[in-house]
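Residue numbering for the sequence shown follows my numbering, beginning at 61 and increasing consecutively.
Below you'll find the structure, written out as structure tokens, and then a few comments.
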Amino acid sequence: MNRIETMTSAALQAMIHVLELDPSDRVLVVTDEETLSCGEAFARAAERHGCPVETYVLPQAERPLKAIPADLLSRLPGSTVVINAITGDDREIPFRIDWIRVIETDGAIRMGHSPGINEDMMVGGPLDVDYAAMISRADHLIAAFAGVESLHITAPGGTDLVLDLRGRRFVTDVKATVEAGSNLPCGEVYCCPVENGAEGVLVVDGCFGSYGNVPTPVTIKIESGRVISVTSDHDGVVAVINQLLDTDQDSRTIAELGIGLNPGARLTPRMLEAEKVGGTAHIAFGSNEGMPGGRSVSRVHVDYLFLKPTIEAVLDDGSRKIVLRDGNIGS
Numbered sequence: 061m062n063r064i065e066t067m068t069s070a071a072l073q074a075m076i077h078v079l080e081l082d083p084s085d086r087v088l089v090v091t092d093e094e095t096l097s098c099g100e101a102f103a104r105a106a107e108r109h110g111c112p113v114e115t116y117v118l119p120q121a122e123r124p125l126k127a128i129p130a131d132l133l134s135r136l137p138g139s140t141v142v143i144n145a146i147t148g149d150d151r152e153i154p155f156r157i158d159w160i161r162v163i164e165t166d167g168a169i170r171m172g173h174s175p176g177i178n179e180d181m182m183v184g185g186p187l188d189v190d191y192a193a194m195i196s197r198a199d200h201l202i203a204a205f206a207g208v209e210s211l212h213i214t215a216p217g218g219t220d221l222v223l224d225l226r227g228r229r230f231v232t233d234v235k236a237t238v239e240a241g242s243n244l245p246c247g248e249v250y251c252c253p254v255e256n257g258a259e260g261v262l263v264v265d266g267c268f269g270s271y272g273n274v275p276t277p278v279t280i281k282i283e284s285g286r287v288i289s290v291t292s293d294h295d296g297v298v299a300v301i302n303q304l305l306d307t308d309q310d311s312r313t314i315a316e317l318g319i320g321l322n323p324g325a326r327l328t329p330r331m332l333e334a335e336k337v338g339g340t341a342h343i344a345f346g347s348n349e350g351m352p353g354g355r356s357v358s359r360v361h362v363d364y365l366f367l368k369p370t371i372e373a374v375l376d377d378g379s380r381k382i383v384l385r386d387g388n389i390g391s
């Protein structure tokens, strides 16, 4: 099988398993010049499945986009599946959040969201996996968090966080719904901590946003759910993070804890794939209004990756258990 056929096969497998693609679906593929080969693979796969497909290429001259192009909005009515195979530029997060809101508000569209996708993810990578096994792994991990009230998270890099999870629940992105889309590649379980209930230190020793891998670890101090300081030996990365955190009122507010579990994902500088790697976790700040229980409304949502987390859960009966130890589930 050549590269194009491998990408097409991986795209079809993902759409069938995650989006439950049916020949009756009308598919809109949104892509751009940088990710065009990936977008074309999704379009080709949907066509082979018998779906009518329209492909929209984002206007390169207007990048980074600040708003949804009007001619993109006009293509949405009637679509039941939308694939966003696009560049993962942090400057376009407000555009992407607005676009996701439009799609999810429609109430009849399943979305595969892929900011930062590249061909390597579709050739022997995180899109080409055993989805049944991954769903089973996600269900097992969600069950392990049943009844949790708080989490104590530590990691060898220096992370030491306590998160309040009262009234919140873990979900997974391995199945999309019309209420909440999924990343493609998918492969995490996640929750929204109580927005004012996070205390401690997050030490980022992986990648964040579209920046890529940090040159030196970054220490983010959190009080009452909000970032109060960012420090690192690399001043440039601190400036980039602070600019993102200063976007609006809620951009410093904790939004998400995610745990990777995709067996095909690799530690690359691209967050779309790296956050799905087993043995990693990520914390996001900014918007979480589209997640179960989420209340933060922001123009940004930025993930920060750390490695080998140990997660101790405090349950509603007062008991404690280790859910992850050094990134390993159930040990």
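Idealized CB from N, CA, C, for every residue including glycine.
When you compare only the Cα positions, how much space is there between residue i and residue j?
{"i": "I143", "j": "D233", "result": "15 angstroms"}
{"i": "K336", "j": "R380", "result": "26 angstroms"}
{"i": "D92", "j": "N388", "result": "37 angstroms"}
{"i": "N178", "j": "G378", "result": "45 angstroms"}
{"i": "V360", "j": "T279", "result": "20 angstroms"}
{"i": "P119", "j": "V208", "result": "46 angstroms"}
{"i": "I282", "j": "Y364", "result": "13 angstroms"}
{"i": "S210", "j": "A103", "result": "43 angstroms"}
{"i": "P129", "j": "T147", "result": "16 angstroms"}
{"i": "T115", "j": "L384", "result": "41 angstroms"}
{"i": "S97", "j": "V374", "result": "46 angstroms"}
{"i": "I153", "j": "G338", "result": "25 angstroms"}
{"i": "D199", "j": "A193", "result": "10 angstroms"}
{"i": "L304", "j": "A334", "result": "20 angstroms"}
{"i": "V183", "j": "D376", "result": "43 angstroms"}
{"i": "I24", "j": "E100", "result": "The chain is shown from 61 up to 391; residue 24 falls before or after that span and cannot be answered."}
{"i": "D149", "j": "H212", "result": "32 angstroms"}
{"i": "A58", "j": "L72", "result": "Only positions 61 to 391 of the chain appear in the structure, and residue 58 is not among them; the question remains open."}
{"i": "A236", "j": "E164", "result": "11 angstroms"}
{"i": "A145", "j": "I382", "result": "37 angstroms"}
{"i": "R286", "j": "R226", "result": "18 angstroms"}
{"i": "D295", "j": "V222", "result": "27 angstroms"}
{"i": "V90", "j": "E122", "result": "15 angstroms"}
{"i": "G241", "j": "F230", "result": "15 angstroms"}
{"i": "A109", "j": "R135", "result": "With the sequence shown as reference, residue 109 is identified as His, and Ala is not the correct amino acid for it. H109 and R135: Cα-Cα distance of roughly 21 angstroms."}
{"i": "F345", "j": "G176", "result": "19 angstroms"}
For residue i, would you say it is in contact with chain B, using Cβ-to-Cβ distances shorter than 8 angstroms as the test?
{"i": "G390", "result": "No chain B appears in the structure shown, which is made up of a single protein chain."}
Spatial neighbours of residue i within its chain, please: C-beta separation below 8 angstroms, excluding the five flanking residues on both sides.
{"i": "N243", "result": "G172, H173, S174, D233, L332, K336"}
{"i": "F366", "result": "A215, G217, T219, L262, V263, V264, D265, G266, T340, A341, H342, I343"}
{"i": "P137", "result": "none"}
{"i": "V141", "result": "M75, L79, L81, D85, R86, V87, L88, A106, C111, I169, R170, M171, G172"}
{"i": "G272", "result": "P329, R330"}
{"i": "F155", "result": "P124, L125, K126, A127, I128"}
{"i": "E349", "result": "R355, S356, V357"}
So residue i and residue j are supposed to be a Cβ contact under 8 angstroms. How far apart are they, rounded?
{"i": "D220", "j": "V261", "result": "5 angstroms"}
{"i": "P253", "j": "R228", "result": "7 angstroms"}
{"i": "V249", "j": "I195", "result": "Not quite, the Cβ-Cβ distance comes to about 11 angstroms (not below 8 angstroms), so this is no contact."}
{"i": "S358", "j": "D310", "result": "4 angstroms"}
{"i": "S356", "j": "E259", "result": "Not confirmed; about 17 angstroms, so no contact."}
{"i": "G247", "j": "A325", "result": "6 angstroms"}
{"i": "R197", "j": "L327", "result": "The pair is not a contact, with the Cβ atoms about 18 angstroms apart (cut-off 8 angstroms)."}
{"i": "A70", "j": "D188", "result": "4 angstroms"}
Quick check on residue i: buried or exposed, where buried means 16 or more other Cβ atoms within 10 Å of its Cβ?
{"i": "I314", "result": "buried"}
{"i": "P186", "result": "buried"}
{"i": "N62", "result": "exposed"}
{"i": "T95", "result": "buried"}
{"i": "S284", "result": "exposed"}
{"i": "P369", "result": "buried"}
{"i": "E316", "result": "buried"}
{"i": "I288", "result": "exposed"}
{"i": "R312", "result": "buried"}
{"i": "D224", "result": "buried"}
{"i": "G390", "result": "exposed"}
{"i": "S139", "result": "buried"}
{"i": "L201", "result": "buried"}
{"i": "T276", "result": "exposed"}
Suppose the cutoff is 6 angstroms on Cβ atoms and the five residues either side in sequence are ignored; what does the same chain contact list for residue i look like?
{"i": "P112", "result": "R86"}
{"i": "M351", "result": "C252"}
{"i": "V274", "result": "V264, V297"}
{"i": "H77", "result": "Y191"}
{"i": "G353", "result": "R228, C252"}
{"i": "L132", "result": "Y116"}
Using 7 angstroms as the cut-off, classify the Cβ of residue i as near or not near the heavy atoms of the ligand NAP, replying yes or no.
{"i": "L262", "result": "In the structure on display, the ligand NAP does not appear, and there are no ligands present to speak of."}
Ignore the nearest five residues each way along the sequence and tell me which others in residue i's own chain have a CB closer than 7 angstroms to its CB.
{"i": "N302", "result": "V290"}
{"i": "I157", "result": "S347, R359, H361"}
{"i": "V238", "result": "G167, A168, I169, R170"}
Could you pull out every unbroken beta strand (DSSP E) segment of at least 3 residues lying fully inside the segment 214-257, listed in chain order? With a minimum length of 3 residues, the continuous beta strand (DSSP E) runs that stay inside the segment 214-257 are 220-224, 248-251.
Enumerated in chain order, which unbroken segments of the beta strand (DSSP E) with a length of 3 residues or greater are wholly contained in the segment 100-188? Fully enclosed beta strand (DSSP E) runs of 3 or longer: 113-117, 141-146, 170-175.
Can you list, in chain order, the stretches of the alpha helix (DSSP H) that have 4 or more residues and sit fully within the segment 260-348? The qualifying runs are 295-305, 331-334.
Residue ranges of each alpha helix (DSSP H) within the segment 68-100, 4 or longer: Fully enclosed alpha helix (DSSP H) runs of 4 or longer: not present.
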